[in-house]
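Residue numbers (my numbering), protein chains in the order written: chain P, 56 to 459; chain C, 56 to 459.
There are 2 protein chains.
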Amino acid sequence: MLTKSSTELVRQQNSALVLAALRRAGNLSHTEISADTGLASATVSAITAELEKAGVLAKAEHQVQGGRGRPRVLFTPRRDYGHLVVVRISSDIVQYSLIDYGGTLLDRFDETRNHDERGTVPFARAFVDALERLLQRSRLERDRVLAVSISSKGLVDSDTARLLWSPVFGREELDFAALLAPQWRAKVMLSNETLLVAQALAAQAERKPEGGFRALAAISLGHSIGLGVARKSQSGEMDVSAPNFGHMLHAPSAGLCRCGAYGCIEAAAGFYGILRAAFEVPADTIPAKFVPVAELDKIAASARQGHRMAGYAFRQAGLALGNGISRMLSLYERMPVHVTGPGIRYFDLMLPGIEEGLAQSMQVRLQGAPEISVAPDEQRLVFEGHLERALGAIDADIAATGTS
Amino acid sequence: MLTKSSTELVRQQNSALVLAALRRAGNLSHTEISADTGLASATVSAITAELEKAGVLAKAEHQVQGGRGRPRVLFTPRRDYGHLVVVRISSDIVQYSLIDYGGTLLDRFDETRNHDERGTVPFARAFVDALERLLQRSRLERDRVLAVSISSKGLVDSDTARLLWSPVFGREELDFAALLAPQWRAKVMLSNETLLVAQALAAQAERKPEGGFRALAAISLGHSIGLGVARKSQSGEMDVSAPNFGHMLHAPSAGLCRCGAYGCIEAAAGFYGILRAAFEVPADTIPAKFVPVAELDKIAASARQGHRMAGYAFRQAGLALGNGISRMLSLYERMPVHVTGPGIRYFDLMLPGIEEGLAQSMQVRLQGAPEISVAPDEQRLVFEGHLERALGAIDADIAATGTS
DNA sequence: AATTATTTTCTCGACAGTCGAGAAAATGAA
DNA sequence: TTCATTTTCTCGACTGTCGAGAAAATAATT
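Below is the structure:
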């Protein structure tokens, strides 16, 4: 159902518009804001005055020189308006970063995960401690942190910030909002890792001048398989989601997956799946907990030298991906696919299988195969996605609550 | 990107809100509108006065009696504000209906499709002629028709009203907007048939008092397989789409599909797929153009008597559906599934296969199987979906253009 | 050095819209 | 006939956007 609208909502929307423009560009003058947003000059004055009084914006000290006429004064987000904590959880390390409202990195450290102690309880304790440490190192009060943005692989409920299923904790749920609930006033956000990659790539694509961005998919290859989809809705909003692609059904022949089901895409295209196929281990053996990359490098080397089973393993992995992508395109729409993650080192070995898997479907026969490109540096993209998403959420919050 | 807002847009949004409330309820008094929409009484006065002047609304002649105090006056859409034409294209007939702005059916006739003359050109001529006939029978001027809403099975581009792929015309495209472009000022809308079923079911679910509707899927079983998905987006808008489910890849074993690809869901679960499996015809034979329902009834009867291959055929069909649904749920979210179409007569025979196909996936193991229910009377649902969608679009248009 | 041209920013009044409060209207009951 | 009750309508206050033009600040010109 639609919801009622009022003049205050108009201001909220337009404030958000100004903040978004400023976020994209870094700093803009009065006239540039007006041109960018389409708002009248008088309206821009009203909004910037309000935001300046609230301490969100400030006039930049360096002014641009040159040209005649009254010099422009640049508005820019006030870096000390607040702070953001980003936590990247991966299978081996957890990375904690402190960022200011302007988007610049202030501090960062990694904690290596202790593989002996399993379960969410010790992890939760370490997590809360690490956040405190991040504050202390920068002598920052807890309430200056406006948002804590967390990412992990796996299935996530972004509304409530609960981790529903993850490669690390399995079905043990982890409720990050509850973890920080009484002490922290910060907004707690939890996102799937590959969703953030899609978010970052979509933001990059939108910044390109040629425009016309509609949709894009990001696939992360590694021990597990992730998918993020970013699509522009009719209303112009960017709609990002992380479907459960890795454990979508591929074919029973893919064998036992570590999630307990049979035939997941991951069981064929994840690192342990490739290993299993290459060594001709029966497909119903319980998957290896962890596969060192060196191990896979060896298989890849022998595949490149023409070893039959090694090549077959990568081809089967590609086939699972290709079929899965074709199904994804059938259910959404044709869109470019960006492949990322540690598995891209074997992309050349998988590509023939991917293409074969794609070609089988009607969708691809009708509309053509999607563009597939490799996006290296997954970690940077995840971090960019964090910034994009968390700072955007903070901006939306500012616009919503106004100066009050 | 967000788009700029203004006070006029607020009025537009609130007018749409009033029209939607009135559309749902049929007629409402001033106070009821205010309660329903959350708008202040004064605002309701302003909006209804404007719409009344524009001839969209009128005060109903019968007033409700009883109770003391000033009697309520009911507002209702003016039936003669404009008209709507609904065209349902199915494989054997094309049904033309004339509806007024109040949503009541004024006239209807069917044209049986001539199976001898193939191709879009003769069809297009017959289509345009039939529309003219519909006007003449009710002595209606062409410009009184505000929208022409068309439905067909197959792949549709709803933005441009082009039919991209259909069971009847194959890859021959059909551009309905261009067909009526110069002569008709009506808005031309083209929707996938099962999308409309999903739209109608979602509207029903939303009207239920318990509320909390999130998403739903409709699957149509017949010669071909259709899927419609309705989901409520964060912004509260209903987002309806018709993914290419019937030709999503199931498994190569499903055999040759009439679309030319191998392994589509339809090739296993469509009527001709079931026929082929039951008679053990090689899976790469070109599918029958048309399968009479009597033929399938016979197979179903022998399956119910325990005939092995007949039972197997339906089970395989169910398996294809179950796997497909599980993949759909992996890519979207858990949601109830409504099954409709002529194939529901065999639903009991397919259900075991469906359940087996669902149970294989991690998604279902984790979140449980979706509720599956049978929705008879597909044609009525399609028609309701037409009304819901087309009258809603007309209302949105009225709100957008205002009185001007 | 003073003036002029140019560009940017700011300010003012007009206009569109929503809202709350209370007046006006319309009816049944006393 | 008067009073109570309920609904509808109207008025003034408030929030917000917009266009036009004033004010500000600088470079170029005389």
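We put the CB at the ideal spot given by N, CA and C, even for glycine.
Only a predicted model underlies this, so the values are computations on that prediction, with no experimental measurement involved.
Measure the beta-carbon distance from Lys114(P) to Phe130(P) and round it to whole angstroms, keeping in mind my assumption that it falls under 8 angstroms. 6 angstroms
From which residue to which residue does the alpha helix (DSSP H) around Met405(P) run? Where Met405(P) is concerned, the enclosing alpha helix (DSSP H) starts and stops at 402–414.
Classify Val176(P) as buried or exposed, calling it buried when 16 or more other Cβ atoms lie within 10 Å of its own Cβ. exposed
Going along chain P, which residues have a C-beta under 8 angstroms from Asn299(C)? Ser385, Leu386, Met417, Gln418
Over what stretch of residues does the beta strand (DSSP E) that includes Tyr151(P) continue unbroken? Secondary structure note for Tyr151(P): its beta strand (DSSP E) is the uninterrupted segment 148–155.
Mapping DSSP to helix, strand and coil, what is Thr215(P)? coil
Quick check: what's the CA-CA separation for Gly457(C) versus Asp214(P)? 37 angstroms
Runs of 3 residues minimum, wholly inside the region 174–259 of chain P: which ones carry the beta strand (DSSP E) assignment? 200–207, 210–212, 217–220, 242–247
List the residues of chain C whose Cβ lies closer than 8 angstroms to the Cβ of His302(P), in chain order. Ser385, Ser416, Met417, Gln418
Could you check whether the Cβ of Trp239(C) sits closer than 9 angstroms to any Cβ belonging to chain P? no
Residue burial classification, Val252(P) (beta-carbon count within 10 angstroms, cutoff 16): buried
Cα separation between Pro342(P) and Ile280(P)? 15 angstroms
Any chain C beta carbon closer than 9 angstroms to Val176(P): For Val176(P), the nearest beta carbon of chain C is not closer than 9 angstroms to its own beta carbon.
Could you say if the region 264–280 of chain P and the region 236–243 of chain P meet the contact criterion of at least three C-beta pairs nearer than 8 angstroms? no
Within 8 angstroms of chain C by C-beta, residues of the region 272–292 of chain P in sequence order: Ser288, Ser290, Gly291, Glu292
Run through DSSP, which three-state label would Phe130(C) get? strand
Rounded C-alpha distance that separates Ala424(C) from Ala95(C): 44 angstroms
Give a yes or no on whether the minimum CB-CB distance between Thr103(C) and chain P is below 9 angstroms. Not an interface residue.
Buried or exposed, going by whether 16 or more other CB atoms sit within 10 Å of the CB of Ile148(C)? exposed
Taking 9 angstroms as the CB-CB cut-off, is Pro307(C) touching chain P? yes
How is Leu311(C) classed by DSSP in three states: helix, strand or coil? strand
I need the DSSP call for Leu276(C), collapsed to helix, strand or coil. The answer is coil: DSSP assigns Leu276(C) none of H, G, I, E or B.
Going by DSSP, name the residue or residues bridged to Gly281(P). Ser275(P)
Would you say Asp294(P) lies against chain C (beta-carbon separation less than 9 angstroms)? yes
Please tell me whether Pro431(C) and Ile399(C) are closer than 9 angstroms, where the distance is taken between their beta carbons. yes
Does any C-beta atom of chain P lie closer than 9 angstroms to the C-beta of Gly318(C)? yes
Taking 9 angstroms as the cut-off, decide whether the C-beta atoms of Leu330(C) and Gly301(C) are in contact. Going by C-beta atoms, Leu330(C) is not nearer than 9 angstroms to Gly301(C).
Looking at chain P, which residues of the region 354–386 of chain C have a Cβ within less than 9 angstroms of any of its Cβ atoms? Asn378, Gly379, Ser381, Arg382, Met383, Leu384, Ser385, Leu386
Is Gln254(P) close to chain C, meaning its C-beta is less than 9 angstroms from at least one C-beta of that chain? no
Taking the alpha carbon of Val18(C) as the point to measure from, which residue in Ser152(C), Ala232(C), Gln434(C), His441(C) has its own alpha carbon closest? No answer is possible for residue 18(C): the residues shown for chain C start at 56 and end at 459.
In whole angstroms, what separates the C-alpha of Ala451(C) from that of Asn69(C)? 11 angstroms
Are the region 399–408 of chain C and the region 363–376 of chain C in contact at 8 angstroms, needing three or more beta carbon pairs? yes
Can the beta-carbon of Ala333(P) be found closer than 9 angstroms to that of Ala358(P)? yes
Taking Lys114(C) as part of the beta strand (DSSP E), name the residues at either end of that continuous run. 112–114
Limits of the alpha helix (DSSP H) - the one that Thr62(C) falls within: Thr62(C) -> alpha helix (DSSP H) spans 62–80.
Excluding the 5 residues flanking Val211(C) on each side, which residues of the same chain have their C-beta closer than 7 angstroms to its C-beta? Leu218, Leu219, Leu245, Ser246, Asn247, Ala297
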